[in-house]
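Undergrad: I am attaching a structure below and will ask some questions about it afterwards.
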Amino acid sequence: MAQFDLIVIGSGPGGYIAAIRAAQLGLSTALVEKDPALGGTCLHRGCIPAKTWLETAHRFEQMQVANDYGIDGVDGKAIRPNLETIVKRKGRIVLKNAKGIEFLMKKNKVTVLKGFGKLLGSGRVEVAGEVHEAKRIILATGSGPKDIPGLETDGVRVLNSDHILELTQLPTHLVILGAGAIGVEFASVFSRLGSKVTLVEFMDTLLPLEDEDIGLELAKIFRKAYKIDVRTKTKITRIEQRADGVVCHLEGETPGEVVGSHLLVAVGRAPKIEGVGLEMTKAQVDRGCVVIDKFMQTGEPGLYAIGDIVRTPWLAHVASDEGIVAAEHAAQSLGKDVHPHPVRYDRFPACTYCDPEVGTVGLSEKAARAKGHEVQVGSFPFAPMAKANIVGEPHGFIKIVADKQYGEILGIHILGPKATELVASSVALLGGEYTVDELINTMYPHPTLNEVFPEAARAVQGRALNM
């Protein structure tokens, strides 16, 4: 029976980061992983593979308009996507990153235990038939695609987010159920690669968790620029499979039938806690999620939970920060000189890598009003900005939500080119409790996409310069 200071179950971006941080603090640490390679869903079936597909779609789209940029010899109508090559490239990138995590485990002297990790209670964990003991345990088992009764996936015609990453033939007509991050990202991918795309969403707007203006404008761009058939306030009630595709029966604002070659069910994810042995502990589970405190502690002394199994934003970078908090608190409880700081969930960046991209941080306009703020808002489009036109991506806008009394910036919402990169500075602005006046008085370089920030701040006060 091996003994450790800490065992981490799950090697995703929450788990492996927690293991590294614990090792840095001097804890003897083990990392448990049931998959053949380290990295979890994010690396193997989520963030990283999806972004490789998105990058291919972006480059494919650029090549189609190469002549517009003065590049001769590229026949935009003749080029074709090769999905087998896309999948192979995705595999190479995933493998490289997985090997990188393995290297980090060796570098930090973290013991890797291969197999399914199960809690046995009293600080014991069973892995591949062997029992190990730990003074502290972090549970980071992640999430998987959610199954919907009547819309069961088969990996052939009816797909989930795992299946679609392995497609080697282009769908002629892809119907997507769910317009959250997964749905809109794959709508962007396949519409640009040449598939007809129908996007079905039960809520009023696309990306319903974002500021309402983001979803409304994204729908307009999807319809106009990419010819995506966007259907909001609509649901798929049942499907019929046949040899040439899937018949989707719709109810709501746009009822009827849609026949697609494939259906992607992208209606969210579910925590993966079945079989991990929580019943052997005092940890509480609420609606499928493990209950934790601000230091990621469960009701079982010495047991922590992080990432997609707790009711916090299900994002890789959030899980990583939670892993650091849990590891530091565990180390502190074992006598190490470290002072953990709880995750600031009011300032986390959310990114969606559709085209145009979405990057947001802080309160939406609706949420700010619900919290009792007297709100001022200002929006500024990318279209007048020179850099947006240079790169050929003039769609979208930036929106700033501010408190009227003090001018403090409460939220920044970006739809447009490189929004997932631009949002990083937005996090710093909220973290520094910047006011609208302070942002206006900050000099930004020209020509850059960043110039939209002071312009949006001026728009809050009704004095934008370039519009």
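In UniProt numbering, the protein residues as written are 1 to 467. Note that beta-carbon positions come from the ideal geometry of N, C-alpha and C, so glycine has one too.
#1: Less than 6 Å between C-beta atoms, sequence neighbours within five positions excluded: which residues of the same chain meet that for Gly-155?
#2: Under DSSP, the beta strand (DSSP E) around Ala-30 begins and ends at which residues?
#3: Could you say which of Val-131, Leu-165, His-373 lies nearest to Ala-30 if we only look at CA atoms?
#4: Measuring alpha carbon to alpha carbon, tell me which residue in Ala-225, His-262, Gly-299, Phe-4 is nearest Ala-22.
#5: Is Leu-410 closer than 8 Å to Val-401 when the C-beta atoms are compared?
#6: Any chance you could list the beta strand (DSSP E) runs of at least 3 consecutive residues sitting entirely within the stretch 117-190, in chain order?
#7: Return the Cβ separation of Leu-139 and Val-276 in integer angstroms, given the expectation that the two are a contact with Cβ distance under 8 Å.
#8: May I ask you to report which of helix, strand or coil DSSP gives Pro-49?
#9: Are Pro-447 and Ile-398 closer than 8 Å when you measure CB to CB?
#10: Decide if Ser-195 is buried, meaning its Cβ has at least 16 other Cβ atoms within 10 Å, or exposed.
#11: Could you give the first and the last residue of the continuous beta strand (DSSP E) run that contains Arg-242?
#12: What does the alpha-carbon distance come out to for the pair Leu-303 and Asp-355?
#13: Could you tell me the boundaries of the beta strand (DSSP E) in which Val-401 lies?
#14: Just to confirm the assignment, what range does the beta strand (DSSP E) spanning Leu-199 have?
#15: Determine the direct distance from the alpha carbon of Ile-101 to that of Tyr-16, and round the result to whole angstroms.
#16: Spatial neighbours of Ala-457 within its chain, please: CB distance less than 7 Å, with the 5 preceding and 5 following residues excluded, ordered by chain position.
#17: Can you give the Cα-Cα distance for residue 520 and Pro-271, rounded to whole angstroms?
#18: To which residues does DSSP link His-341 through a beta bridge?
#19: Using 10 angstroms around the beta-carbon of Pro-445, count the other beta-carbons present and answer buried if the total reaches 16, otherwise exposed.
#20: Within 7 Å: the Cβ of Val-189 and any heavy atom of the ligand GTP?
#21: Rounded to whole angstroms, what's the CA-CA distance from Gly-431 to Thr-442? Just pull it up for me.
#22: Report the option in Val-74, Lys-90, Ala-66, Val-65 whose CA atom is closest to the CA atom of Thr-56.
#23: Between the Cα of His-395 and those of Leu-6, Gly-307, Val-74, Ala-383, spot the shortest distance and give me the residue it belongs to.
#24: What's the C-alpha gap between Pro-81 and Leu-170?
#25: When you compare only the Cα positions, how much space is there between Lys-282 and Ser-122?
#26: To the nearest angstrom, report how far apart Gly-178 and Gly-115 are at their CA atoms.
#27: Pull up the CB-CB distance for Ile-137 and Ile-20, whole angstroms please, since I reckon it's below 8 Å.
#28: For Glu-257, count neighbouring C-beta atoms within 10 Å of its own C-beta (all shown protein chains included) and say buried if the count is 16 or more, exposed if not.
#29: Tell me which same chain residues have a C-beta within less than 6 Å of the C-beta of Ile-228, skipping the five on either side of it?
#30: Could you pull out every residue in the same chain whose Cβ sits closer than 8 Å to the Cβ of Leu-25, ignoring the five residues on either side in sequence?
#31: Between which two residues does the alpha helix (DSSP H) harbouring His-329 extend?
#32: Whole angstroms is fine: what's the gap from Ser-161's alpha carbon to Tyr-406's?
#33: Assign Cys-351 to one of three DSSP states: helix, strand, or coil.
TA: The structure says:
#1: Cβ neighbours of Gly-155 within its own chain (closer than 6 Å, five residues either side excluded): His-163.
#2: Unbroken beta strand (DSSP E) run through Ala-30: 29-33.
#3: Taking only the C-alpha atoms, the option nearest Ala-30 is Val-131.
#4: Closest by alpha carbon: Phe-4.
#5: Their beta carbons are under 8 Å apart, which means Val-401 touches Leu-410 by this criterion.
#6: Entirely contained in the stretch 117-190, the beta strand (DSSP E) runs reaching 3 residues are, in chain order, 117-121, 124-127, 130-139, 143-145, 173-177.
#7: Sure, about 7 Å apart at Cβ, within 8 Å.
#8: In this structure, Pro-49 counts as helix in the three-state DSSP scheme.
#9: In terms of Cβ geometry, Pro-447 and Ile-398 do not form a close pair [threshold 8 Å].
#10: For Ser-195, the number of other beta carbons within 10 angstroms of its own is at least 16, and it is reported as buried.
#11: Where Arg-242 is concerned, the enclosing beta strand (DSSP E) stretches over 234-242.
#12: When rounded, the separation of the alpha-carbon atoms in Leu-303 and Asp-355 is 41 Å.
#13: From DSSP, the beta strand (DSSP E) with Val-401 extends over 397-403.
#14: For Leu-199, the uninterrupted beta strand (DSSP E) segment begins and ends at 196-200.
#15: Rounded to whole angstroms, Tyr-16 to Ile-101 spans 8 Å at the Cα level.
#16: Taken in chain order, the residues that qualify are Gly-378, Ile-400, Val-436, Leu-439, Ile-440.
#17: Nothing can be reported for residue 520: it is not among the residues displayed for the chain, which extend from 1 to 467.
#18: Paired residue(s): none; His-341 is not in a bridge.
#19: Around the beta carbon of Pro-445, fewer than 16 other beta carbons sit within 10 angstroms, so the residue counts as exposed.
#20: Absent from the structure shown: the ligand GTP. Ligands present: none.
#21: Between Gly-431 and Thr-442, the C-alpha separation is close to 16 Å.
#22: Among Val-74, Lys-90, Ala-66, Val-65, the Cα nearest to that of Thr-56 belongs to Lys-90.
#23: Closest by alpha carbon: Ala-383.
#24: CA-to-CA, the gap between Pro-81 and Leu-170 works out to about 8 Å.
#25: Distance from the CA of Lys-282 to the CA of Ser-122, rounded to the nearest whole angstrom, comes to 10 Å.
#26: Approximately 33 Å between the Cα atoms of the pair.
#27: 16 Å between Cβ atoms; not a contact.
#28: So Glu-257 counts as exposed.
#29: Taking C-beta separations shorter than 6 Å and ignoring five residues to either side along the sequence, the partners of Ile-228 in its chain run Ala-187, Ser-191, Val-197, Leu-199, Phe-222, following chain order.
#30: Ala-327, Glu-328, Ala-331, Lys-336, Val-338, listed in sequence order.
#31: For His-329, the uninterrupted alpha helix (DSSP H) segment begins and ends at 316-333.
#32: Going from the Cα of Ser-161 to the Cα of Tyr-406 covers about 44 Å.
#33: In this structure, Cys-351 counts as strand in the three-state DSSP scheme.
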